[in-house]
Structure formats: C-alpha cells, structure tokens
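Just below is one structure, and these are the notes that go with it.
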Amino acid sequence: MLTEIFNSDEKTPCGEMSHGSVIRRFSQMYSLWVKKISSSKLYPPCKIFIDIYIADIKGMVMDYFEKKLSYVKENGLYRGDFKYLNTEQAPKVVIENRDIILLGSNNYLGLCNDSRLKEAAMEATAKYGVGSGGARLTTGSYELHKKLEEKIARFKCVESSLIYTTGYMANTGIISAICDRKWTIFCDKNNHASIVDGALLSGARIIRYKHCNMGDLERKVHTNKGDNNLIITDGVFSMDGDVAPLTDIVGIAKKYGCLTMVDDAHGFGVLGENGSGTVSHFNLNGQIDIQMGTLSKAVASVGGYAAGKKGIIDYLKNFSRSFIFSTALPPSTIAVSLKSIEIIENDNDRRQHLKELSDWFRTELKESGFTVSGELTPIIPVITGGADETVELCNNLYAEGIYVPAIRPPTVPRGTSRLRISLMATHTREDLQYVVAMIKKHGKKVHR
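Quick note: the sequence shown uses UniProt numbering, first residue 1, plus one each step.
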C-alpha cells in the first residue's frame, strides 16, 4: 500500500514528487489506514502498526522538506538569515550593533517615524484600546474604519472602498471572489505573487502575457474573447520599478469588453495627482474597474484595500473570504492611515523631492556602467545576474555599512537576480554618494 500511494507520476523537473503530491499522498495513506483499521476487529491491537506506518510516512515528508531546503541552500536561494533592526525604520538604522544605511525599505516617503503619525496612533490607542476585538462583519468595525474607507474612496476618485488586513489578503480575496472557473484572467508575467495566488484560488483559466507587452496581451485577449475576462496588472512593479502602460491596457479592455484591475501597492502615495496613485498618473480615473492597494508602504501603516464602484465593493463584503473571516485591523493602525493620507494629499514637496532624488541616483548608477531598470519611481533595481554573485555583492556592501536586499529566484527569473534598491524621501545625497561608490567598488563582477 505504501508503494502504491507514493508511486506517482506527479514529478517536479528534478524528478522528485512535488510538495503538494507528498501531502496528498500522506493524507490518502492516513485516511485509508484509519478507515480500514479502526472499523475492524483488529483495532486497537493493530494501532502500533498504524503508528509505525504514519511515522514512516512523516519521515518521508520531512526528508522531502530537507531535500528541498538543501537544494535552495546549494543554489544560493536560501531565505532565513534575517537582519533584525534595533531602531525605527529610517535611512540609517542599527543592525547587529552597527550603524547601517538602509536601502530597500518600502517607507518611500519616510513617514514611518513622523511624529504626527505616532501621535495619531497613541490617541487612538488611548481611546479605543489595542485590539479590534473581532471581524468587520461582527464586532470589529469602528467609526475609524468607516472614515478611512470613505477617505480612500475620495482620494482614489471612486464610489466606495473596503479595507483588508494586508495587501496580500486584498489581492487573494478580491480575485477569488470575483472570478471562478468560467473566467479567464490575463496576468502580466511580472505581477506580484499575491495576484497569482488569488488567480489560482479562483479556479479561473490563467493566461500570462509578456511583461508590459501590449502586442502580446492583445493577441491573447483576441484569441480568447469571452464575456468573463479580467486583465490584472501591477501599477508599479515592485521588483522592476517600472510602470504598467495603463492607457494601452484600458484601450484593449474596452475594445474586447474586459474588466480591469490594478494593484497600486507601490504607486499609492508616490505617483499621480497628490499621490493618489498610478491610475491618476495616467489620467484614467473612473476607467479602471477595481483598484487594489496597500497601506503599508508609502502610507507607513498596515493593511490593504479594494476601491471601485459601490456594487463591486458590496459584492466583496459578502463574498470575499479573506475579508469576511479575518479580524479587523486595530483602531491605532487605522488612525495612522487616516493621518498619513491627509499628509500625503497636502505635501507635494516631499513626493517631488523623492522623485528628484531617485532620478539623480538612477542616473549615477547608469553612468557608472550598471544595468538599472525602472523609471518614475523610487524602486531602483541593479541587475546583477547570478544568485551567488548577488549574495556576494550584498554581503560586501553590508560589510561597508550598507544593507540592500538581494532578490533571487523564484521572486525574479533565473539570471536576473538583483539588488532591490528603494529610496526614502529622507535619504541624503551624501549617504547615497557613498552607496554609489561602494557599489562601484564591489560590483565589478556584475558590471554589465
């Protein structure tokens, strides 16, 4: 029986059983034995044999996990060596008792340490306490939640919005609620993992188009015309720093009758009129069906949201499982988001300074001979190629007092590993000039 259950054709390219296959086989084995033995006269005398078989299968599962971990370690893809900050999120932090220049944070506008946001959090905590106490549909909705949803809707120029606990939960909850097996989802190949996971959860047919390639998108939409088509794209691509051609996407969607959804996680607060996001940047307010975003990046809080027509938001309240079955965000974080958006709306100088700083830094790296992707945004990836070379460069920079994340597969395609540099409005040119000098010093192997 053990041989039958684990003798599967479901193999990975390396020849071993996939993660899902191992778990399914284990579940089948466990259920079959318990059903057969517990209903027979042999139970409990045979319980010891059941325990032995279960232990054997668990051992096989653990061996599989260890094999996968060994593979990622041997190929420079291991994740788990965290850098623990001992200060607030700022351009300079303390890690392992060392002063470090921090590059790679999503705190684009430098608001994580803003005294006005701290005060808002403390006032809300003093008034409402530290927890929300329940899900939004039960006891976890506060007046602050209503105010924030109304504020986001006004800021995004839509009828309504809905707050989720995280951006990841927003994407998975929105897509899996709207789409099912009758739908086709057209998905940019570089879209965030949460979009991919939401599409998979929905059961819809997924067609991926080449990154920002409108010719490829239109060919695939034309070939797969139907009544239930959804085009989903990041507004700003988090690992590339480039911006989706939303005007062209809207044109294709209108031509073929597709719904549109934009993940504006990295555009919200950075692009568009008063920082309202990527859709506003392209003057497309009212032309995107669903906007998703986060409150954890430029907004310097935590949470995600969906924004669109009232009918869509009402539908999500009733059918989006990640919203329905999650505890609501605590009032303190909602208060921070409210105050932060107020600041963003009225402080164009901070956003303009960030753009000028990013443009200057990107130019400095390009003129030094490095391959740098992206435009318009504070996300400035330095393409390094191999995973090992990227980790080595990251470690060398860390020794020089600079921490920048090394991004490797599967987050990005093989051969395109990179330093994912992102700037804050509070960085200084003096510190960034030092960063450029150190990248030039240690980046000779990846000079492309």
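All C-beta atoms, glycine included, are put in the ideal place defined by N, C-alpha and C.
Contact annotation, Ile95 with Leu85: C-beta distance approximately 6 Å; criterion of less than 8 Å satisfied. Looking only at Met239, Lys441, Asn190 and Met424, the smallest Cα-Cα distance to Tyr398 is reached by Lys441. If you keep only unbroken beta strand (DSSP E) runs of at least 3 residues inside the region 65-142, you get 92-95 and 98-102. Taking 4 residues as the shortest admissible run, the region 269-313 contains the following complete alpha helix (DSSP H) segments, listed from N- to C-terminal end: 278-281.
The Cβ atoms of Tyr128 and Tyr142 sit closer than 9 Å to each other.
If you draw a straight line from the Cα of Tyr78 to the Cα of Pro409, it is about 10 Å long. Under the three-state reduction of DSSP output, Pro381 falls in the strand class.
The Cβ atoms of Met292 and Asp263 sit closer than 9 Å to each other. Beta-bridge pairing by DSSP links Leu419 to Val382 and Ala406. Inter-segment contact for the region 305-324 and the region 169-180 is present: three or more beta-carbon pairs are separated by less than 8 Å. Judged by pairs of C-beta atoms under 8 Å, the region 263-274 touches the region 226-236, as three or more such pairs exist. Bounds of the alpha helix (DSSP H) holding Cys394 are Ala387 to Ala399.
By the criterion of at least three beta-carbon pairs nearer than 8 Å, the region 153-162 is in contact with the region 281-299. C-alpha of Ala253 to C-alpha of Thr416: approximately 31 Å in a straight line. Each of Leu246, Ala328 and Asp349 was checked against the Cα of Gly131, and the nearest Cα belongs to Ala328. Look at Leu376 here: in three-state DSSP terms it is coil, with no helix or strand label. Arg414 sits exposed, since fewer than 16 C-beta atoms from the chains shown fall within 10 Å of its C-beta.
The C-alpha of Cys212 lies about 15 Å from the C-alpha of Ile185.
Judged by DSSP in its simplified three-state form, Leu230 adopts strand.
The region 329-340 makes no contact with the region 364-376; the number of CB pairs closer than 8 Å stays below 3. Of all alpha-carbon atoms in Tyr64, Asn97, Leu117 and Phe82, the one lying nearest the alpha-carbon of Ile344 is that of Leu117. Across the structure, Leu69 and Glu389 are spaced so that their CA atoms are roughly 20 Å apart. Of Thr172, Thr260 and Ser276, the smallest CA-CA separation from Leu200 is found for Thr172. Per the C-alpha coordinates, the member of Asp431, Ser337 and Gly401 positioned closest to Ala124 is Ser337.
Listed as beta-bridge partners of Leu162 by DSSP are Ala306. Under DSSP, Val262 takes part in a beta bridge, and its partners are Thr233 and Gln291. It is roughly 45 Å from the alpha-carbon of Phe370 to the alpha-carbon of Leu316. A distance below 9 Å separates the beta carbons of Lys151 and Glu342.
Arg429: member of the alpha helix (DSSP H) spanning Arg429 to His442, first to last residue.
Contact annotation: Glu356 and Val436 have beta-carbon atoms that are not nearer than 9 Å. As the crow flies, the alpha-carbon of Ile57 is around 28 Å from that of Asn75.
Residue state for Arg205 is assigned as strand, using DSSP reduced to three classes. Under the DSSP definition of a beta bridge, Phe186 partners with Ile207 and Ile231.
Under the three-state reduction of DSSP output, Val243 falls in the strand class. In this model, Gln352 and Met214 are separated by some 30 Å (Cα to Cα). Collapsing the DSSP output to three states places Thr327 in a strand.
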